[in-house]
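What follows is the structure, encoded as structure tokens:
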């Protein structure tokens with residue numbers, strides 16, 4: 448099997464994933480998964496596509512991810528891995544699609560408007 452390259456996005460985070468056959472090593476920005484994503488929740492999000500398709504120990508993954516925060520980055524990696532697994536085997540799509548792992552989350556941060564404190568919040572009006 449050759450290397451499969453896929454891209455996943457979430458908010459402003461972009462993840463480029465390179466999947467090859469191997470022993471289950473996941474490297475993110477030249478760091479180990481448990482080092483880059485310290486919490487168990489984020490590690491679970493990244494490994495979720497492999498867990499659902501029973502491929503935890505079959506593939507090595509190299510990831511380049513930038514932009515956004517750690518949660519957005521983890522979910523961008525998850526989307527890219529799901530897309531890569533679907534390209535390897537079409538039957539994986541039947542497992543990942545109902546879980547919502549193949550859907551790009553379109554929600555973005557709303558911009559701040561002028562004359563306001565934040566996107567929706569207004570300056571306090573004081574009447575004397």
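Residue numbers (the numbering used here): 448 to 575.
Note that beta-carbon positions come from the ideal geometry of N, C-alpha and C, so glycine has one too.
Remember, it's a predicted structure, so these values are computed and weren't measured experimentally.
Nearest-angstrom Cα separation, counted from residue j out to residue i
| i | j | result |
| --- | --- | --- |
| residue 569 | residue 555 | 20 angstroms |
| residue 477 | residue 551 | 25 angstroms |
| residue 557 | residue 513 | 20 angstroms |
Beta carbon of residue i nearer than 8 angstroms to that of residue j
| i | j | result |
| --- | --- | --- |
| residue 525 | residue 496 | yes |
| residue 503 | residue 494 | yes |
Where the beta strand (DSSP E) containing residue i begins and where it ends
| i | result |
| --- | --- |
| residue 589 | Absent from the model: residue 589. The displayed extent of the chain is 448 to 575, so no value can be given. |
| residue 575 | It is not in any beta strand (DSSP E) - residue 575 carries neither H nor E in the DSSP assignment. |
Residue i: CB within 7 angstroms of a non-hydrogen atom of the ligand ATP
| i | result |
| --- | --- |
| residue 528 | Inclusion of the ligand ATP in the displayed structure is not the case, the ligand content being empty and no account of it being possible. |
As assigned by DSSP and simplified to three states, the class of residue i
| i | result |
| --- | --- |
| residue 566 | coil |
* **alpha helix (DSSP H) runs wholly inside the region 475-561, at least 4 long, in chain order** => 480-483, 487-499, 517-535 and 538-543
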